[in-house]
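Chemist: Just so you know, we're using our numbering here: the sequence shown kicks off at 22 and counts up by one.
For glycine and all other residues, C-beta sits at the position ideal for the given N, C-alpha and C.
These figures come from a predicted structure and were not determined experimentally.
Attaching a single structure in structure tokens format; questions to follow.
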Amino acid sequence: MVEQILLSSGSFDRVREIGGFGQPLHTLYPQIQAVLANELGADAANLLAEPVVDRAHNRIDWYTEGDPDCKPIVLSELPEEQRQPVLAQIQSQLQRGRELAEQYAASGDPQRMQLGAMLKAALGSPTETNIFLIKDQPVLAHWGFAT
């Protein structure tokens, strides 16, 4: 059974939303995920956690889909020998996404160029405290924000 799994929660205090197409980047999650899925496959699309915003409570929750019996593990809590292969996997996926962003940015098409900028911003350098593992799938939370 696949369900939504809460990875992390946070507030909008002391963070700045990064934008694209005149909107906060996290609001463009469906479009970003669709581009990653179509261009790079399901693993790349599943790399980004889904943001769920509650402006009334100044809160953002980060979700992914998975087996509810598999508890998320924060990458920074794993021993070094277990973290390194995951970091290599993430860096490989991020590099593929960044290469796609560069292709879009160099396309000459204004919409694709903007999409390239959005991808580049979404696929920044995550901290290990914002990387979660669900089984063997790494998932990035807190993307689309700067401190």
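Ala143 and Leu69 look like a contact to me (Cβ under 8 angstroms); what is the Cβ gap, rounded to whole Å?
Modeler: Confirmed, Cβ separation roughly 7 angstroms.
Chemist: Figure out for me which residue from Glu102, Ala162, His163 and Lys156 has the closest Cα to the Cα of Val23.
Modeler: Nearest option by C-alpha distance: Lys156.
Chemist: Exposed or buried, Leu27, counting other C-beta atoms within 10 Å across all chains shown (16 or more means buried)?
Modeler: Leu27 should be labelled exposed.
Chemist: Report the CB separation of Ile94 from Leu154 in whole angstroms; it is logged as a contact under 8 angstroms.
Modeler: Their Cβ separation, rounded to whole angstroms, is 5 angstroms, which keeps Ile94 and Leu154 in contact under 8 angstroms.
Chemist: Determine, using beta-carbon pairs with one atom in the segment 50 to 66 and one in the segment 102 to 120, whether at least three such pairs fall under 8 angstroms.
Modeler: As far as the Cβ criterion goes, the segment 50 to 66 touches the segment 102 to 120, which means the pair count is three or higher.
Chemist: List the whole-angstrom C-beta distance separating Ser97 from Glu149, where the pair is believed to meet the contact cut-off of C-beta under 8 angstroms.
Modeler: About 4 angstroms separates the two Cβ atoms, so the contact holds.
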